[in-house]
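Before any comments, here is the structure.
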Amino acid sequence: MTTSIAETVKEILADHPGDERDSLIPILQEVQERLGFLSRESVEIVGKTLGIPASKIYGVATFYNQFRFSPQGKYHIQICRGTACHVKGSAAILDVIKRELKIETGETTRDGLFSLEVVACIGACGLAPVINIDGEFHANLTTQAIPRILDRYRRQTG
0 MTTSIAETVK
10 EILADHPGDE
20 RDSLIPILQE
30 VQERLGFLSR
40 ESVEIVGKTL
50 GIPASKIYGV
60 ATFYNQFRFS
70 PQGKYHIQIC
80 RGTACHVKGS
90 AAILDVIKRE
100 LKIETGETTR
110 DGLFSLEVVA
120 CIGACGLAPV
130 INIDGEFHAN
140 LTTQAIPRIL
150 DRYRRQTG
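Going by numbering that gives the first Met the number 0, 80 is the number at position 81 of the sequence shown; the sequence numbering is gapless.
What follows is the structure, given as C-alpha cells:
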C-alpha cells in the first residue's frame, strides 16, 4: 500500500509537535526528502498546521534553490556553471541539453526521464566543462557529446 502525500506530510508534522514558523525550513526539507519535491498539497498542509499562508511558504521555499516544486526525473542532470566550466563552454552545453530534452532549468521531461538543474560548482574544475547525472560525472564535454550521452541513458531505460 502506498502512502498518500497528505499521510506522509502529516507523519512528518507529527514528529514536530508544537513547532512553529522557526521550524518551517527543516519541515520542508523533510517533506522534500520523503516526497522528492514540494507539492501544492504538501505546502497547503504544512501551512495550515503551522498557521502560515501558502504564499509565505512559497516565498521562503523559492528563495532557497534546494527546494523543488516538481518531481525529479529518473535521471537528474546537474550542469556546472562555475567559473572554470563557464570559461570552457558550459553555457553552450546547457543550451544543447535544453534543446535536446525540450525543457528549461528546473523542469522535468514529460516522460519523467530527465530533470535539469544548474549548480554553481560541482567541484571538478580540472575536468571542465562537467555534468553530473545521478552521481556519474561526464567531463571535458563538447556540445557534440551531449546527444550521445542522453541517448545512452534513454537506452538504459528502454
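Ideal Cβ placement from N, Cα and C applies to all residues, glycine included. In this text the structure is predicted, and so the values were computed from the model without any measurement.
{"Asked": "Tell me, to the nearest whole angstrom, how far the beta carbon of Leu126 is from that of Ala144; I am working on the premise that it is less than 8 Å.", "Found": "Rounded, the Cβ-Cβ distance is 13 Å, inconsistent with contact."}
{"Asked": "Cβ of Ser89 within 8 Å of Cβ of Arg80?", "Found": "yes"}
{"Asked": "Kindly indicate which residue of Thr156, Thr104, Asp133, Leu140 has the alpha-carbon position closest to the one of Ala83.", "Found": "Leu140"}
{"Asked": "Can you check which of these residues, Val59, Tyr63, Leu23, is closest to Ile48 by C-alpha distance?", "Found": "Here the sequence assigns Thr to residue 48, which means Ile is not the residue at that position. Here the closest residue by C-alpha is Leu23."}
{"Asked": "Going by DSSP, what residues sit across from Tyr74 in a beta bridge?", "Found": "Phe113"}
{"Asked": "Determine contact between the stretch 94 to 110 and the stretch 50 to 60, defined as no fewer than three beta-carbon pairs at a distance below 8 Å.", "Found": "no"}
{"Asked": "Roughly how many angstroms separate the alpha carbons of Gln65 and Gly35, rounded to a whole number?", "Found": "11 Å"}
{"Asked": "May I ask you to report which of helix, strand or coil DSSP gives Glu135?", "Found": "strand"}
{"Asked": "For Lys9 and Asp150, what's the separation of their Cα atoms in angstroms?", "Found": "40 Å"}
{"Asked": "Decide if Val86 is buried, meaning its Cβ has at least 16 other Cβ atoms within 10 Å, or exposed.", "Found": "exposed"}
{"Asked": "Could you give the DSSP three-state label for Val118: helix, strand or coil?", "Found": "strand"}
{"Asked": "For the alpha helix (DSSP H) containing Leu166, name the first residue and the last one.", "Found": "Nothing about residue 166 can be reported from this structure: the residues present for the chain run from 0 to 157 only."}
{"Asked": "What three-state label does DSSP hand Ile92 in the structure shown?", "Found": "helix"}
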